[in-house]
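Remarks on the structure that follows.
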Amino acid sequence: MDNRLTPKQQDAIIEDALHSYPLADMPKNITSSVMTRIRLTSAPRSFQLTWSDLAIAFVISLCIGAVLFSLQNFPPLVLMRLRIQSILFYQDLIVNASWLVPSALFVFAAFLFALTVPYFQKQLSNK
Numbered sequence: 052m053d054n055r056l057t058p059k060q061q062d063a064i065i066e067d068a069l070h071s072y073p074l075a076d077m078p079k080n081i082t083s084s085v086m087t088r089i090r091l092t093s094a095p096r097s098f099q100l101t102w103s104d105l106a107i108a109f110v111i112s113l114c115i116g117a118v119l120f121s122l123q124n125f126p127p128l129v130l131m132r133l134r135i136q137s138i139l140f141y142q143d144l145i146v147n148a149s150w151l152v153p154s155a156l157f158v159f160a161a162f163l164f165a166l167t168v169p170y171f172q173k174q175l176s177n178k
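What follows is the structure, encoded as structure tokens:
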């Protein structure tokens, strides 16, 4: 189509062609050809569980079981030290996070800018 036409003019030309052109007759054997094509296409395979799926599930469940077993069997002193270290780590994050918020906002702004660049390029190329 001519690029100088507006979308409204393009729609008008298409509508005029749809109303003025004669309809073609439907082929008589269309049903049989469509049905043979449908029969020839293979049906999508159902879900199959492979050995690698079972191995991954076994390894993940083994890791979760090991973590739960170790948490239940830690001595109280180790649990207390872990708790102290987690509190210290959390406090360190809070104290040193003054740079985190502005940098996260700049990253988010850059992401939004990257999303809008293709739209602006398309708008500028249409003019």
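In my numbering, each residue carries its 1-based index in the sequence shown increased by 51. Heads up, the beta-carbon is just placed ideally off N, CA and C, and yes, glycines get one too.
Secondary structure note for Lys59: its alpha helix (DSSP H) is the uninterrupted segment Pro58 to Ser71. Excluding five sequence positions before and after Thr82, none of the CB atoms of its chain fall closer than 6 Å to its own CB.
The beta carbons of Leu133 and Phe125 sit closer together than 9 Å. Leu74 sits in coil when the DSSP states are folded into three classes, being neither helix nor strand.
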